[in-house]
Amino acid sequence: MAELIDGKKISTDIKDELKEEVSKLKAEGREVTLAVILVGDDPASAVYVKNKKKACEYIGIKSLSYELPAETTEDELLELIEKLNGDDTVNGILVQLPLPRHIDEKKVIRTISPKKDVDGFHPENVGALLIGEPGFVSCTPAGIIELLKRSNVEIEGKECVVIGRSNIVGKPMGVLLLRENGTVTIAHSRTKNLKEICKRADILVAAVGKPKMITAEYIKEGAVVIDVGIHRMDNGKLCGDVDLDDVESHVSKITPVPGGVGPMTIAMLMYNCIASVRG
Ligand code: NDP
167 MAELIDGKKI
177 STDIKDELKE
187 EVSKLKAEGR
197 EVTLAVILVG
207 DDPASAVYVK
217 NKKKACEYIG
227 IKSLSYELPA
237 ETTEDELLEL
247 IEKLNGDDTV
257 NGILVQLPLP
267 RHIDEKKVIR
277 TISPKKDVDG
287 FHPENVGALL
297 IGEPGFVSCT
307 PAGIIELLKR
317 SNVEIEGKEC
327 VVIGRSNIVG
337 KPMGVLLLRE
347 NGTVTIAHSR
357 TKNLKEICKR
367 ADILVAAVGK
377 PKMITAEYIK
387 EGAVVIDVGI
397 HRMDNGKLCG
407 DVDLDDVESH
417 VSKITPVPGG
427 VGPMTIAMLM
437 YNCIASVRG
């Protein structure tokens, strides 16, 4: 029977460690402050922002909230970011994506100071990751590495297959697994023989954005499977990119949805906020 990797518990452990770290910083007279910007009224984004603020509160990070109307212009948003870039009391800036269509996301990401880019999306941080220099790492893939390490999954020398090559999940995931000395394949929508490639994986990361696409046919016996996908089904329940019921008897460890990767993303965001103070 597969072991479920408990992302909720691991993320709580991390948040408790970070809470102590924040207390130490406070004792040194240093406060950690995250500015969270939400533009528009997308309900899913509002939930993500609420959860991020809740995590800040739990850890002792001060959060500044900017909830802007959907009609906010690109210039107005960029001006706010510039103001926060120049504010020494703000350590991290997070702009919740997606943004309304009239705002250029790439421009917004580039405007955030790389030193305050706690989401790890700025090209300078992405480049640093690629060449093995210090910088902020995208929270979801960083959280997955933490999940693997804290679940005693060895990465070195293992066949790792990542399905998905997005800038925020798939690509940084591949680089991080490589940094841990895994042998990495990144698959995508043009990949041929996807099932055969996945079947080679000791560690399979599914970040494909298709509900329950990954069935037992994609799995090597005893593989560790990380399910990044989050989808709301017609019955209101959440599911991932992996068909958990179908693969469960074939894998050694797997992350559930919900309660796997999701909570780790926020824990790593908090980690990045504190790292931005420590420098
Ligand atoms: P994207 O849609 O940006 O990327 C999906 C990737 O999957 C693309 O690279 C695409 O390939 C590839 N793909 C799509 N269809 C197939 C297919 N049939 N076979 C092989 N590859 C395919 O998604 P994200 O990376 O942003 O997110 C992936 C999933 O993770 C989503 O469900 C999202 O909701 C979830 N997510 C969860 C987070 C969490 O905290 N748990 C955080 C972020 C995302 P191509 O490049 O060729 O188009």
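The sequence shown begins at 167 in the numbering used here and counts up one residue at a time.
C-beta atoms are modelled at their ideal positions from N, C-alpha and C, and glycine is treated no differently.
Note that the structure is a prediction, hence the values are computed from the model and not measured.
Exposed or buried, residue i, counting other C-beta atoms within 10 Å across all chains shown (16 or more means buried)?
| i | result |
| --- | --- |
| Ser-189 | exposed |
| Ser-355 | exposed |
| Asn-438 | buried |
| Ser-415 | exposed |
| Ala-210 | exposed |
| Ile-297 | exposed |
| Pro-307 | buried |
| Glu-312 | buried |
Straight-line CA distance for residue i to residue j?
| i | j | result |
| --- | --- | --- |
| Pro-300 | Met-379 | 35 Å |
| Pro-377 | Asp-254 | 43 Å |
| Ile-293 | Val-284 | One point to set straight first is that residue 293 is Gly, not Ile, in the sequence displayed. If you take the alpha carbons of Gly-293 and Val-284, they lie about 15 Å apart. |
| Pro-429 | Lys-174 | 6 Å |
| Thr-154 | Arg-276 | Limits of the chain in this structure are 167 at one end and 445 at the other, which puts residue 154 out of reach. |
| Thr-381 | Asp-407 | 9 Å |
| Gly-206 | Ile-269 | 11 Å |
| Val-328 | Glu-346 | 14 Å |
| Phe-287 | Arg-444 | 20 Å |
| Lys-192 | Glu-387 | 48 Å |
| Ile-180 | Glu-240 | 36 Å |
| Pro-424 | Asn-217 | 14 Å |
| Leu-263 | Leu-200 | 16 Å |
| Glu-290 | Glu-248 | 17 Å |
| Asn-153 | Gly-340 | Residue numbering for the chain in the displayed model covers 167 to 445; residue 153 lies beyond these limits and cannot be assessed. |
| Leu-250 | Val-215 | 18 Å |
| Pro-422 | Gly-252 | 41 Å |
| Lys-361 | Glu-245 | 47 Å |
| Asp-182 | Ala-441 | 15 Å |
| Cys-364 | Gly-195 | 50 Å |
| Lys-324 | His-397 | 29 Å |
| Ile-278 | Lys-337 | 21 Å |
| Leu-184 | Lys-219 | 15 Å |
| Glu-242 | Tyr-232 | 12 Å |
| Leu-230 | Val-198 | 11 Å |
| Leu-234 | Leu-314 | 37 Å |
| Leu-265 | Leu-295 | 25 Å |
| Gly-436 | Val-303 | The sequence shown places Met at residue 436, rather than the Gly named in the question. Rounded to the nearest angstrom, the two C-alpha atoms are 12 Å apart. |
Return helix, strand or coil for residue i, following the three-state DSSP convention.
| i | result |
| --- | --- |
| Ala-389 | strand |
| Ala-236 | coil |
| Leu-263 | coil |
| Gly-336 | helix |
| Ile-380 | strand |
| Ser-279 | coil |
| Lys-358 | coil |
| Val-205 | strand |
| Asn-318 | coil |
| Val-303 | coil |
| Gly-375 | coil |
| Asp-270 | coil |
| Pro-289 | helix |
| Glu-414 | coil |
| Arg-331 | coil |
| Ile-311 | helix |
| Gly-428 | helix |
| Ile-180 | helix |
| Val-284 | coil |
Identify every residue that forms a DSSP beta bridge with residue i.
| i | result |
| --- | --- |
| Ala-193 | Per DSSP, none; premise fails for Ala-193. |
| Thr-199 | Lys-228 |
| Gly-258 | Leu-200 |
| Cys-405 | His-397 |
| Glu-325 | Thr-349 |
| Lys-419 | Glu-169 and Val-390 |
| Ile-369 | Cys-326 and Val-390 |
Rounded to the nearest angstrom, how far is the Cβ of residue i from that of residue j, given a contact under 8 Å?
| i | j | result |
| --- | --- | --- |
| Val-390 | Lys-419 | 5 Å |
| Ile-203 | Val-261 | 5 Å |
| Gly-309 | Thr-431 | 5 Å |
| Ile-385 | Val-413 | 5 Å |
| Ser-177 | Ala-367 | At roughly 24 Å, the Cβ-Cβ gap does not stay under 8 Å, so Ser-177 and Ala-367 are not in contact. |
| Val-335 | Val-274 | Rounded, the Cβ-Cβ distance is 19 Å, inconsistent with contact. |
Closer than 9 Å, CB to CB, is residue i near chain D or not?
| i | result |
| --- | --- |
| Gly-375 | Checking the listed chains, one finds no chain D in this structure; it contains a single protein chain. |
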